[in-house]
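Quick note, the sequences are listed as chains F and S, same order.
Going by the numbering used here, the first residue of the first sequence is number 1, and it counts up by one from there.
Going by the numbering used here, the first residue of the second sequence is number 1001, and it counts up by one from there.
Notes follow once the structure below has been shown.
Protein chains: 2
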Amino acid sequence: MKLREIGEFGLIGRISSRVSDGVGVRIGIGDDAAAAEPTPGRWLLVTSDMLLEGVHFDLAYTDPFRLGRKSLAVNLSDVAAMGGEPRHFLLSLAVPPGVTVEFLDRFTEGMLELAREHGVTLIGGDTCRSPHGLVISVTLHGEQAPELVVRRSGARPGDRLFVTGTVGDSALGLELLRRGERQGWAIDRHLDPTPRVRAGVALARAGLCSAMIDVSDGLAADLGHILDGSGVGARVELDLLPLSPFFREHAPLVSPTPSILALTGGEDYELLFTVPPERSGEVAPLLAETGVAVTAIGEIIAGSGLAVVGPDGREAAVGRGGYNHFCDGQ
Amino acid sequence: MKLREIGEFGLIGRISSRVSDGVGVRIGIGDDAAAAEPTPGRWLLVTSDMLLEGVHFDLAYTDPFRLGRKSLAVNLSDVAAMGGEPRHFLLSLAVPPGVTVEFLDRFTEGMLELAREHGVTLIGGDTCRSPHGLVISVTLHGEQAPELVVRRSGARPGDRLFVTGTVGDSALGLELLRRGERQGWAIDRHLDPTPRVRAGVALARAGLCSAMIDVSDGLAADLGHILDGSGVGARVELDLLPLSPFFREHAPLVSPTPSILALTGGEDYELLFTVPPERSGEVAPLLAETGVAVTAIGEIIAGSGLAVVGPDGREAAVGRGGYNHFCDGQ
C-alpha cells in the first residue's frame, strides 16, 4: 500500500494504535506536545540521534524491522552510558516516495519491540515526506538520581578500564555486508546491536564507575572522549581486547590487523568505563547478574593520550581513528 | 570555510561555545546525554519538529539566520499551544557537502538569538553529513503545572473561539516568494514567524482556555483537530477573520478568494483557542498585557464539522484544506 493512500494522519494513527500506556506518560501521541510526569528527585537525561539513508544505513543491507530496532538502540545506548533508566521517546520520520505502508509497519514493529523490552514508550514526534532517502530522528528520555549519573569526566590515574561484551564485531559485520554477505553473527551485531541498558543501570546503582561512555565511534575514539573529559591518559593492552570467536575466525580475512579493527571499529554499542582500583573486583560479579560479559583492558594513567601495549610488550601511541562525520567520505 | 576543515567535533565546539548556562541544566552539550533537573510538581512537555530542505524550506528564499530562528520557533509554538513554559532543546543537523561553516554559524546565531528571547537553552543533539539537502530536527522541552496544561480536547458547545494575531500572512508570503518577491511583511511572517509563547503561558496561568492549538497546517485544519479531539463542531464567521493590512492589500492579487486563503493557509503559528462564554470577556485585556492582538471569530457548537458563515450570512461546510505531508506534492 502506498503512503499517500493513508496520508500523514493515517500513518500517525497506524503508529499510535500500536503504542500502549507508559509509566509517567500523561499525554501521548496526538496533541501539540506530549506530557510526562518526572520522578521527584531525579534528573531528566535526554539524547538524540539522527540516522540517514546512505550515511548510517543502507536498505540493501538491512530490513525495516531491524532498522527500527537499531534506531532506538543507539539512543538507549547513550542513556545507558550515563547510567540512566530509559523512559520514553519521540520519533521523527521523513519518508521518501516509494516507501510502502508495509515497510513502515515493519519498521515501527521493530522499534516498538525493542521499546517493550526496555519498558520505554513512544510519546510523540513528527512525520513528513522526504525528497531523498529515509531520515530517522529519535530523541530518548531517561531518568536517574543525580548522585548516580555517570559522566565522562571522572576518570583518575590508577582506575581500571573495562569494556562489556566484545568489540570489532560491528565493523567486521559492515565489511562483510559490503563484500556481499548477508548473514552471520557479526552482521547481526551490526544491524541489530544490543544496548547495554541493564548493565549501565546496575553499574550506576552500585556507584562503581568514575566515567562511562558507549562505544559508537570506536573504542579508541570513545576512550579519547573520556581521556579529554577527565584530563588523563590511558594504557590499553591489545591482547586483552575481548574478541568474539566469530571475529577471531573471520577478521583476519578482511583485515591485516584485526586488533586495530577491534580498537577503532565503531558501532559496537558496548559500555566502556573506568573503576577505582579498590572496587574493580566488584565489576565482574555485578555484571554477571545482568548476563553481560565484561573485560578489564587497561588502566588510566597520568598525562594524556592513549598508549597501546602490543603483544611484544612494546607501547605505541595510537590515533583515534574513529568515525568523524564530516571528514569521512565527503 | 569548508565544514570538513573543522570536522564534526569542530562544528559541535563552535555551536557549544555560543551556548550559555540554562536554568535547571545540569549537563549540557558534550556527554552521552544531557541532564536537566525538572521543576518539582510540573509536567515535562516535549515536542519535536523536523525541517527538510526542499520540503519545509528553500534556501533560495530564506537566509540561514532566519532559518535558524524558524526551526526553533515552530517548536516553541507547539509548547506555547499547551500553555507551557519552554526550557531547553536539542538540535540535530544533517549537513550536505558544500554548506559552509559561515552558513552554519549564521544558522546557529539565529536559533540562539530566538532561544535567548525565550530563555531556552541548547543542551544537546546530533550532527552528521547528509547526501542530499539540509535536515534540521529540533526537540523542545517545556514545563507547566499539570492543572494548567491546555489540551485539544476540552472545547464545549457555547465556548467562544479566538485566534491571536492575523492569519493568512504566511501563505501569502510563500506565494509572493514563489513569484519572485524577496521582501515585505508577509514574507517576513513566513520566514521568521513569531511563536506566541507569552500569550500561551498567560492564557494557561489564567485558566481561561478549554482547548488550544497552534495554527501550523491552516486555521480550518487545526480547528478540525480541536473539533475531533473535543467531539464538537464550530461555526466561524469569515468576516471576523483577523487579516493584516498587508494581506488585505496584496492577497487579492494572488488569490480570487483571499478569505479562503486566510482560512486554509498554514504556518501562521498563531494560537487558536476556545474559552467558556462567561469568561470570554477576560481574553482581550489579558493578552493586551502580552502585546498580542486577539480576535473572536466564532463559537463551538454541538455536533461535528466546521460551518463557515459567509458575508451574505449563508453557512457553508468547509473542507479542512490543510497541509498533509504525504498527499500533497508527491
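The beta carbon of each residue, even a glycine, is placed where N, CA and C say it ideally should be.
{"Check": "Can you list, in chain order, the residues of its chain with a C-beta nearer than 6 Å to that of S:Gly1173? Leave out the 5 residues immediately preceding and following it.", "Outcome": "Ala1186, Ile1187, Arg1189, His1190"}
{"Check": "How would you call F:Pro64, buried or exposed, if buried means at least 16 neighbouring beta carbons within 10 angstroms?", "Outcome": "buried"}
{"Check": "For S:Lys1002, which beta-bridge partners are listed by DSSP?", "Outcome": "S:Thr1100"}
{"Check": "Starting from S:Ala1317, find everything on chain F with Cβ-Cβ shorter than 9 Å and list it in chain order.", "Outcome": "Neighbours of S:Ala1317 on chain F: none; closest Cβ ~20 Å, over 9 Å."}
{"Check": "Excluding five sequence neighbours on each side, which residues of the same chain lie with their C-beta closer than 7 Å to the C-beta of S:Cys1128?", "Outcome": "Ala1094"}
{"Check": "For S:Thr1264 and chain F, any beta-carbon pair shorter than 9 Å?", "Outcome": "no"}
{"Check": "Write down every uninterrupted run of the beta strand (DSSP E) in the region 1047–1125 of chain S whose length is 3 residues or greater and which is fully enclosed by it, in chain order.", "Outcome": "1085–1095"}
{"Check": "Answer with yes or no whether the minimum CB distance from S:Cys1128 to chain F is below 9 Å.", "Outcome": "yes"}
{"Check": "Please list the residues of the region 1216–1239 of chain S that have a C-beta atom closer than 8 Å to any C-beta atom in chain F, keeping them in chain order.", "Outcome": "Gly1229"}
{"Check": "Do the region 1191–1207 of chain S and the region 1302–1315 of chain S make contact, defined as three or more Cβ pairs closer than 8 Å?", "Outcome": "no"}
{"Check": "Less than 9 Å between the beta carbons of F:Ala81 and F:Thr274, yes or no?", "Outcome": "no"}
{"Check": "Is there a Cβ from chain F that is less than 9 Å from the Cβ of S:Leu1052?", "Outcome": "yes"}
{"Check": "Which residues does DSSP list as the beta-bridge partners of S:Cys1128?", "Outcome": "S:Ala1094"}
{"Check": "Hey, is S:Trp1185's beta-carbon within less than 9 Å of any beta-carbon in chain F?", "Outcome": "no"}
{"Check": "Does S:His1132 have its Cβ less than 9 Å from a Cβ in chain F?", "Outcome": "yes"}
{"Check": "Ends of the beta strand (DSSP E) at S:Thr1264?", "Outcome": "Note, S:Thr1264: premise wrong, no beta strand (DSSP E); alpha helix (DSSP H) at 1258–1264."}
{"Check": "Does the pairing of the region 1306–1319 of chain S with the region 1209–1224 of chain S give three or more beta-carbon distances under 8 Å?", "Outcome": "yes"}
{"Check": "By the 9 Å beta-carbon criterion, what residues does the region 85–101 of chain F contribute toward chain S?", "Outcome": "His88, Leu90, Leu91, Ser92, Leu93, Ala94, Val95, Pro97"}
{"Check": "Please tell me whether S:Leu1051 and S:His1088 are closer than 9 Å, where the distance is taken between their beta carbons.", "Outcome": "no"}
{"Check": "Output yes if chain F places a C-beta closer than 9 Å to the C-beta of S:Thr1139; else output no.", "Outcome": "yes"}
{"Check": "Between the alpha carbons of F:Lys74 and S:Val1135, how many angstroms are there, rounded?", "Outcome": "Contrary to the premise, residue 74 of chain F reads as Val rather than Lys in this sequence. Rounded to whole angstroms, F:Val74 to S:Val1135 spans 19 Å at the Cα level."}
{"Check": "If you follow the beta strand (DSSP E) that F:Asp192 is part of, which residue opens it and which one closes it?", "Outcome": "F:Asp192 -> no beta strand (DSSP E), and no H or E assigned at all."}
{"Check": "Could you give the DSSP three-state label for S:Asp1214: helix, strand or coil?", "Outcome": "strand"}
{"Check": "What is the rounded straight-line gap between the Cα of S:Ala1036 and the Cα of S:Asp1217?", "Outcome": "32 Å"}
{"Check": "Whose C-beta lies closer than 6 Å to the C-beta of S:Ser1170 among residues of the same chain, with five residues either side of it excluded?", "Outcome": "Arg1189, His1190, Glu1267, Asp1268"}
{"Check": "Should S:Ser1077 be labelled buried (16 or more other beta-carbon atoms within 10 Å of its own) or exposed?", "Outcome": "buried"}
{"Check": "I want to see whether chain S comes within less than 9 Å of F:Ile27, judged by CB atoms only; does it?", "Outcome": "yes"}
{"Check": "Whose C-beta lies closer than 6 Å to the C-beta of S:Ser1137 among residues of the same chain, with five residues either side of it excluded?", "Outcome": "Met1050, Ser1092"}
{"Check": "Pick from S:Pro1157, S:Val1215, S:Ala1199, S:Pro1193: whose alpha carbon is nearest that of S:Ser1230?", "Outcome": "S:Pro1157"}
{"Check": "Kindly examine the ligand FAD and report whether one of its heavy atoms sits closer than 8 Å to the Cβ of F:Ala302.", "Outcome": "In the structure on display, the ligand FAD does not appear, and there are no ligands present to speak of."}
{"Check": "Return the CA-CA distance between F:Gln144 and S:Asp1214, expressed in angstroms with no decimal places.", "Outcome": "33 Å"}
{"Check": "May I have the straight-line CA-CA distance separating F:Leu104 from F:Met111, to the nearest angstrom?", "Outcome": "10 Å"}
{"Check": "Determine which residues share a DSSP beta bridge with F:Trp43 and list them.", "Outcome": "F:Gln144"}
{"Check": "On the three-pair Cβ rule with 8 Å, is the region 1230–1239 of chain S touching the region 1310–1317 of chain S?", "Outcome": "yes"}
{"Check": "F:Ser130 to F:Arg66, Cα distance in whole Å?", "Outcome": "21 Å"}
{"Check": "Just the chain F side, please: which residues come within less than 9 Å of S:Ala1081 by C-beta, in chain order?", "Outcome": "Asp31, Asp32, Ala33"}
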